[in-house]
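What follows is a single structure, written as structure tokens, with notes after it.
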Amino acid sequence: MQIHPESGGPHAVPIDAQRCLGFNDIPMSEFWAWSWRHRIGDANRFFVKQPASAAHVYGRKYVAAEGFTTIGPHWQETLWDNLKPSFDKACCEGFNMLFWHAFVCSPKECGMPGIQYFAGTHLNPNVTWWDKSKPFFDYINRCQFMLQQGLFVADAVYYYGDHVPNFAQHKRTDPAGILPGYDYDVITEEALLTRASVRDGRIVLPDGMSYRILVLPPRDRISLAALRKVAELVRNGAVVVGPRPVAGEGLQDDDEEIESLAAELWDTGRVRTEPAREILAELGVPPDFTYTGASEEADIDYIHRRTAEADIYFVADRGKQPQRLRCAFRVLGKAPELWNPVTGERTFATAYRQTSTHTEVELEFPPCGSWFVVFRESADRHPPAANARPPRIVDVQPIEGPWQVTFDPNWGGPGTVVFDKLVDWTTRPEPGIRFYSGTAVYQATFHVDAETLEGRRLWLDLG
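Taking our numbering, the leading residue of the sequence shown gets 95, the next gets one more, and so forth.
Here's what the structure looks like:
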């Protein structure tokens, strides 16, 4: 038996949240679906970076989250532009195991939609989209499986001190000061003291995680125990970044020893005070992921995991406009594979190039789109194709209608109705359509010339 409580909050209680999560078999927190009236900003919706860091630091495979939580407005969530981008954002924060909030067992006698809990994105066989939900759950399962492989890749680990209460916030608060293009973990004092060591100039943990730099909090006080550990790491070759301390955190800390260690480490330049991004660049560590070509509507994020055989990048856009990006990944000598988590299709990229530091790939994102880019096989075996061109649409034929639309009378629908054109149901005068919450079947007849079909692939766009 294993435990997975939300023992790190997410709301303020007098604890070191990450240390509490470190006792879990599966560190767990939560993320919320988007709502226009409640928890609108990311800081109040995504509480995943903290359990993700706990999992990475304490050697746990899974990062769980209660997901798609909401208190309304109810029955207004949409998969493609609300639930999917919320899920994608949580993935980029480090999450890889979903606990859907909420699934209510509602007796048949309660009708449709039956009994529902006051909070959560309602999911059970009573909801309209239950029978159509498999592609969405396939997407979730593909993403979770991929993000459970290997180890998280981060260039910095941020020590967040020994204060109580102590919480790690969502990813873009960036306490390490290295975003965008890099990623980081947060480490507790207990883990820093007992689990961190140095190998080949990197800060390493017993379960395989490693980081190029350790970043200290922006305070002029530090516990003596933590400072002694910083000194040990630096003497063994670690790169540490942060402000010079002037005193200890507690009454029992020896300020004279703190001053002596500070003089040894800071006054000699062995601990750096410049911005962490500058230090990484100076160390020859380029950004792990960058992109160009995005419009203002784009909202791009990524996460990188590594196995013994592969580098796995997940890249997602929460923006609601299509994007064509040139993405650069800090991998050399391997061919990029494009894995589509929506369809399950996998192909080698045909248009890519390698620079001295990165592999550049062109990616096309639909609205709220996402990709896995996987590097496994040698680029020599799968070189870029000369003059590669993606398929293009050469002709468009609108389907004008009329449409026969059949509404289920068991859900209060009027049966079959003719629509001269496609319209929003809520604008129709019939109450049985305007307030209908079931599934409708559309039928229309259209003609395509035989010449149009010859030698071509046809795509039916249903909007």
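Idealized CB from N, CA, C, for every residue including glycine.
On a predicted model such as this, the values are computed, not experimentally measured, just so you know.
Look at D279 here: in three-state DSSP terms it is strand. For Q537, same chain residues with a beta-carbon under 6 Å away, outside a window of 5 residues either side, are Q498 in chain order. Counting the other Cβ atoms within 10 Å of the Cβ of N118 gives 16 or more, which makes it buried. L359 carries a helical assignment under DSSP once its states are collapsed to helix, strand and coil. In this structure, A106 lies near P259, with their beta-carbon atoms less than 8 Å apart.
K265 sits in a helix when the DSSP states are folded into three classes. In this structure, the beta-carbon distance from Y211 to V198 falls below 8 Å.
The shortest C-alpha to C-alpha distance from S472 to any of A429, I493, F466 and F513 is the one to A429.
Scanning its chain for C-beta atoms nearer than 6 Å, with the 5 sequence neighbours on each side dropped, one finds around A422 the residues T384, H452 and E454, in chain order.
K226 counts as exposed, since fewer than 16 other C-beta atoms from the protein chains shown sit within 10 angstroms of its C-beta. Restricting attention to R306, D301 and I297, the CA atom closest to the CA of K323 is found in I297.
Three or more pairs of CB atoms, one per stretch, sit closer than 8 Å, so the segment 118 to 135 contacts the segment 164 to 174. DSSP, read as helix, strand or coil, puts I134 in coil. Annotation for P503: G509 place their beta carbon closer than 8 Å to its own, counting only its chain and skipping 5 residues before and after. If you draw a straight line from the Cα of R364 to the Cα of P269, it is about 21 Å long. Separation of E100 and V247 (C-alpha to C-alpha, rounded to the nearest whole angstrom) is 24 Å. Three or more Cβ pairs closer than 8 Å define a contact, and the segment 436 to 445 falls short of that threshold against the segment 366 to 373.
Cβ-Cβ distances below 6 Å link D232 to nothing in the same chain once the five nearest sequence neighbours on each side are left out. Closest in alpha carbon position to W224, among P104, M303 and T172, is T172. In the three-state reduction of the DSSP assignment, V379 falls in the coil class, being assigned neither a helical nor a strand state. In the DSSP assignment, I97 falls outside any beta strand (DSSP E) and carries neither an H nor an E. A Cβ-Cβ separation of about 7 Å places I281 in contact with Y252 under the 8 Å criterion. Close CB contacts of P478 within its chain, under the 8 Å cut and outside five residues either way in sequence, are with A443, T444, A445, Y446 and R447 (chain order). Counting along the chain, Q170 sits inside no beta strand (DSSP E), nor does DSSP assign it H or E at all. Taking a 10 Å sphere around the C-beta of C237, we find 16 or more other C-beta atoms and assign the residue as buried.
Of all alpha-carbon atoms in V535, V511, L516 and K515, the one lying nearest the alpha-carbon of G526 is that of V511. About 5 Å separates the beta carbon of A184 from that of V142, a gap short enough to meet the 8 Å contact definition. Under the DSSP assignment, C421 falls in the beta strand (DSSP E) whose first and last residues are Q417 to F423.
The beta carbon of L377 is closer than 8 Å to those of R306, I307 and V333 in its chain, skipping five residues each way along the sequence. Sorting E391, E351 and A196 by C-alpha distance to the C-alpha of G463 places E391 at the top. Of the residues assessed, V309 falls on the buried side of the cut-off, its CB having 16 or more other CB atoms within 10 angstroms.
Straight through space, the alpha carbons of E358 and D348 are spaced by roughly 16 Å. Taking the CA atoms as reference points, T288 sits about 9 Å from L299. Following the DSSP letters along the chain, one finds L457 inside the beta strand (DSSP E) bounded by residues T453 to F459. With contacts defined as CB atoms closer than 8 Å, D393 and D411 qualify as a contacting pair. Judged by their CB atoms, A146 and F125 are not nearer to each other than the 8 Å cut-off.
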